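Written below as structure tokens is the structure these notes are about.
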Amino acid sequence: EAKDQGKSRYAFYKTELTDKAEYQLQLELYLRESIQQQQLSLIYQPKMDIQTGHLVGVEALLRWQHPQLGEVAPSDFIRVAENIGMIKSLTEWVIQTVCNQLASWKQQGLAPIQAAINVHPNHFLDQDLISSLESSLNDTGISPAELELEVTETVVQTNIENLSAFQRLKALGISLAIDDFGSGYSSFASLKHMNIDVLKIDKHFIDDILNDRKAQLLVGSMIEMGHNLGYKIVAEGIETPEQHELLKELNCDLGQGYLFSEPVVASEISRLFSR
Ligand code: C2E
Ligand code: MG
Ligand code: MG
Ligand code: MG
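See below:
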């Protein structure tokens, strides 16, 4: 009987909803123990100088591999972490791991590599974040200039009043980047309130840059505006040599994307940088 009912639309949706809710609960439950169970890892995507083709740094990207669930996408579990109040401990883990990794690369004799860390907008101006940055830098002897924080534009809107926390973060000497620039809702005007170092142009613009004249003009304008404001410009998600060539002509500074490399494990970064 239950089998027959399973064919009805109602039962179908009900099952699907229950499955979704159950999956959500599982994510929450399992995520809580992910750090202790050593299921988290970082992979690193190389950042290239667009003009010279030289490797200049990396972006650390979080991965979660669970024995039953398999690999869960960061966009999924970071939302969950935010919901269950775990985003702070996740970020802390990332900061510690990145600083340890930078120290280890140094020990291997590699030239200083700059590493970017993604920070959730709600956590960006938190005093605890600043403290954990300070202690991780202290513990490892990594210089603040070797770290970059990436935060999406929404922070410009939501925390614009929290300028003192921003100044304190800035005073640490860490480089600050606006991630996914152009995809959010903030206006160019809000940029004037923040003393940032880097703009990362959202992949969607780069996807369209060859076929869409407007996208091309917008990217060109963002680069010029960014340069006038003293920012370095990074293009995200470069996948073809043609996109690279065009971005070179448009005077873009840095680029990331599958054309150069997907995110890779730390040992692969050692190999790339020692060549
Ligand atoms: P994001 O910071 O904008 O990172 C770029 C994403 O684009 C990464 O996905 C990267 O693997 C992917 N990507 C890079 N180049 C290409 C390309 O050429 N083509 C395509 N199709 N994709 C490319 P990923 O690793 O799945 O991360 C997704 C998002 O999750 C990140 O976007 C970031 O917002 C968030 N995230 C990842 N790690 C962390 C973390 O440690 N903390 C926080 N708060 N967020 C994180
Ligand atoms: Mg990022
Ligand atoms: Mg991005
Ligand atoms: Mg993006």
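Under the numbering used here, think of the first position of the sequence shown as 657, with each following residue one higher. We put the CB at the ideal spot given by N, CA and C, even for glycine. The structure presented is a predicted model; accordingly, all values stated were derived computationally and were not measured.
Are the CB atoms of residue i and residue j nearer to each other than 7 Å?
i      : j      : result
Thr747 : Pro777 : no
Glu802 : Leu758 : yes
Ile894 : Cys908 : no
Gln695 : Gln721 : yes
Pro919 : Ile706 : no
Gln912 : Glu892 : yes
How is residue i classed by DSSP in three states: helix, strand or coil?
i      : result
Val750 : helix
Val728 : strand
Ser697 : strand
Gly911 : strand
Ala658 : The predicted position of Ala658 is uncertain, since its pLDDT is 48 and thus under 50; a value taken from the coordinates is nonetheless stated next. Helix.
Phe861 : helix
Phe837 : strand
Arg931 : coil
Val714 : strand
Glu806 : strand
Val921 : coil
Leu792 : Checking the displayed sequence, the identity of residue 792 turns out to be Ser instead of Leu. Looking at Ser792 - three-state DSSP - the assignment turns out to be helix.
Leu902 : helix
Gln692 : coil
Leu847 : helix
Ile889 : strand
Val854 : strand
Does the beta-carbon of residue i, which I'm using as the reference point, lie nearer than 6 Å to any heavy atom of ligand 2?
i      : result
Asn907 : no
Asn778 : no
Glu809 : no
Glu748 : no
Glu806 : yes
Return yes when the C-beta of residue i is under 6 Å from any heavy atom of ligand 3, and no when it is not.
i      : result
Asp957 : The shown model of the chain, from 657 to 931, leaves out residue 957, and the question about it has no answer.
Glu918 : no
Glu892 : yes
Is it the case that the CB of residue i approaches a heavy atom of ligand 1 more closely than 6 Å?
i      : result
Asn774 : yes
Pro768 : no
Tyr700 : no
Pro730 : yes
Ile734 : yes
Glu895 : yes
Gly840 : no
Gly913 : yes
Leu718 : yes
Please report the Cβ distance between residue i and residue j, rounded to the nearest whole angstrom; I am assuming they are in contact, meaning their Cβ atoms lie under 8 Å.
i      : j      : result
Ile798 : Ile773 : Contact doesn't hold; Cβ gap of about 12 Å is too wide.
Phe929 : Met704 : About 12 Å; that fails the 8 Å criterion.
Leu781 : Ala729 : Not really, about 26 Å apart at Cβ, beyond 8 Å.
Leu711 : Pro723 : Their Cβ separation, rounded to whole angstroms, is 34 Å, which puts Leu711 and Pro723 out of contact at 8 Å.
For ligand 5, any of its heavy atoms closer than 6 Å to the Cβ of residue i?
i      : result
Pro897 : Ligand 5 is absent from the structure shown, which contains only ligand 1, ligand 2, ligand 3 and ligand 4.
For this session: Decide yes or no for the touch test of the segment 722-740 against the segment 680-695: beta carbon pairs closer than 8 Å, at least 3 of them.
Result: yes
For this session: Determine, using beta-carbon pairs with one atom in the segment 824-837 and one in the segment 856-867, whether at least three such pairs fall under 8 Å.
Result: yes
For this session: Decide yes or no for the touch test of the segment 862-877 against the segment 822-833: beta carbon pairs closer than 8 Å, at least 3 of them.
Result: no
Exercise. Within the chosen definition, does the segment 781-792 reach the segment 758-768 through at least 3 CB pairs nearer than 8 Å?
Worked result: no
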